[in-house]
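2 protein chains.
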Amino acid sequence: MLRVSTKGEYGVRIMVDLARHYGDRPRSLTDISQSELLPLAYLEQLVKLLRESDPPLVISTRGAHGGYKLSRNPAEITMGEVVRVLEGPIAPMICATEGEMTQICNFLDSCRTKYLWSKVRDAVAQALDSITLEELAAVPDEGSRQGSPLLQQFIALSDIHTGTASQS
Amino acid sequence: MLRVSTKGEYGVRIMVDLARHYGDRPRSLTDISQSELLPLAYLEQLVKLLRESDPPLVISTRGAHGGYKLSRNPAEITMGEVVRVLEGPIAPMICATEGEMTQICNFLDSCRTKYLWSKVRDAVAQALDSITLEELAAVPDEGSRQGSPLLQQFIALSDIHTGTASQS
DNA sequence: AATATATCCTAGTTGTTAGGTCGGATTAAC
DNA sequence: GTTAATCCGACCTAACAACTAGGATATATT
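Protein chains in written order, with the numbering used here: chain A, 982 to 1149; chain B, 982 to 1149.
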């Protein structure tokens, strides 16, 4: 339950990758897609969100030797900001959408569950807003030096079909 | 993002409804579906999850004047328990599934994002586990007869999140 | 006993969306 | 002027969410 889509997953991984190369030359999506084993054409769609957000999270350089770089220091970018750009406002329920006072459901002045979903929403927001991109990029990286053997063990989210939501 | 499905939404509303009638005669799904304006046939599927869970959250009585009642006092049922039964384990990401240490993705010894999603998962779990069904059922109805702490908190939350994306 | 009212059970259906792919146009370094 | 990259929009498809349908079984009331 409460799953984050691959937009969020891959987008965050792009940002972490860029954070680890902060200060370097622009990093191309080709490099990122190879190093993270993610489809290039799909990453292009995601990075568009990161580039067009206000304020932008990444800045692009076109042409050969082009690529992307972070618009700011990783320490000044919270994961809440990143995830909201990728996935939209945090809203476990339509009546508990972040930021706006949605009067969509006027039936529910008397709705007791709104309180619950607001709590969940705030908990998620608090968790995401309290972690910076710098912190994430600093998580130790063990044994991935040579790259290949470990990377081959990676299973893409789409490859995994869990029986899901029933029982565990 | 991070949306809860109607399974979770309607299921919670069933439980709150039953909590408000705790101690009464069994309450039929027909009554609940009319009072909550939800499709009966669909509720039947959801209540099955609540009945077959281990331990069961509701107990059924068949036949005329039958219906459902809570298996325990509302004060002893956390919303975390309810939501997990309806939606499965809390898992914003497949690598951050609650309860078990899924070694599906061995690549993720070196995965920096797992830390993030685990934090989100724990925040959600904490929020859900800290609210009981009794508390939810006690949220004042229309007209707000008295200023309980719960109501004031509820209003405050709504106010905080109008117009800004910053955290509380 | 007959009827009305319930839960119980298994399938089928339908619209939406997640998660991509594909083809090409534009830009800049060498 | 060739290569390597970003940019852009359209298309595709399997999976799933959110129901609907049709019945079988159980029990209280008449």
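A virtual CB, placed ideally from N, CA and C, is assigned to each residue, including glycine.
| Check | Outcome |
| --- | --- |
| For A:Pro-1073, go through chain B and note every residue whose CB falls closer than 8 Å to its CB, in chain order. | Leu-983, Arg-984 and Val-985 |
| My output table needs one value for B:Ser-1041: the three-state DSSP class, helix, strand or coil. | strand |
| Closest by CA to A:Pro-1070, which one among A:Arg-1008, A:Ser-1099 and A:Ile-995? | A:Ser-1099 |
| Alpha carbon to alpha carbon, what distance is there between A:Pro-1007 and B:Gly-992? | 49 Å |
| Just checking my contact of A:Arg-984 with B:Ala-1072 at CB under 8 Å: how many whole Å lie between their CB atoms? | 7 Å |
| Measuring only the C-alpha atoms, how far is B:Met-982 from B:Glu-990? | 15 Å |
| Among residues of its own chain, excluding the 5 on either side of A:Gly-1047, which ones have a beta-carbon nearer than 6 Å to its beta-carbon? | Pro-1007 |
| Is the CB-CB distance between B:Ser-1034 and B:Val-997 below 9 Å? | no |
| Using alpha carbons as the reference points, say which of B:Glu-1079, B:Glu-1068, B:Ala-1056 and B:Val-1120 lies closest to B:Gln-1026. | B:Glu-1068 |
| Give a single yes or no on whether B:Val-993 has its beta carbon closer than 8 Å to a heavy atom of the ligand HEM. | Ligands displayed in this structure: none; no statement on the ligand HEM is therefore possible. |
| If the cut is a Cβ gap below 8 Å, which residues of chain B does A:Thr-1094 touch? | Glu-990, Val-993, Arg-994, Val-997 and Leu-1117 |
| For A:Thr-1042 and A:Arg-1032, I'd like the C-alpha separation in whole angstroms. | 11 Å |
| Ends of the alpha helix (DSSP H) at A:Tyr-1049? | First-last for A:Tyr-1049: 1048 to 1051, but that is the beta strand (DSSP E), not the alpha helix (DSSP H). |
| Please classify B:Leu-999 as buried or exposed, where buried requires at least 16 neighbouring CB atoms within 10 angstroms. | buried |
| Could you tell me whether the Cβ of B:Ala-1104 comes closer than 9 Å to any Cβ of chain A? | yes |
| Should B:Leu-1010 and B:Val-1028 be called a contact, given that it needs their Cβ atoms to be closer than 9 Å? | yes |
| Residues of chain B with CB under 7 Å from A:Ala-1108, in chain order? | Lys-1100, Val-1101 and Ala-1104 |
| Taking 9 Å as the threshold (C-beta atoms), are A:Val-1120 and B:Tyr-1003 in contact? | no |
| With distance defined between alpha-carbon atoms, name the residue in B:Thr-1094, B:Cys-1076, B:Val-1064 and B:Lys-988 nearest to B:Leu-1019. | B:Lys-988 |
| Helix, strand or coil: which one does DSSP assign to B:Arg-1008? | strand |
| So, for A:Arg-1102: in the same chain, excluding its five sequence neighbours on each side, which residues have a beta-carbon less than 7 Å away from its beta-carbon? | Ile-1071, Ala-1072, Pro-1073, Ala-1077 and Glu-1079 |
| Check A:Thr-1078 in the structure and name its three-state DSSP category. | coil |
| Please classify A:Leu-1021 as buried or exposed, where buried requires at least 16 neighbouring CB atoms within 10 angstroms. | exposed |
| Less than 6 Å between C-beta atoms, sequence neighbours within five positions excluded: which residues of the same chain meet that for A:Thr-1113? | Ala-1056 and Thr-1059 |
| Alpha carbon to alpha carbon, how far is A:Glu-1017 from A:Asp-1110? | 25 Å |
| State yes or no: is the C-beta of B:Ser-1014 within less than 9 Å of the C-beta of B:Leu-1024? | yes |
| Identify which residue in B:Gly-1061, B:Val-1064, B:Val-1063 and B:Thr-1094 has its Cα closest to the Cα of B:Ile-1075. | B:Thr-1094 |
| For a contact meaning CB atoms closer than 9 Å, what does A:Gly-1069 contact in chain B? | Met-982 |
| Buried or exposed for B:Ala-1104, please, with buried defined as at least 16 other CB atoms from any protein chain shown within 10 angstroms of its CB. | buried |
| Under 7 Å Cβ to Cβ from A:Ala-1118, same chain only, skipping five residues before and after it: list those, please. | Val-997, Ala-1000, Arg-1001 and Pro-1055 |
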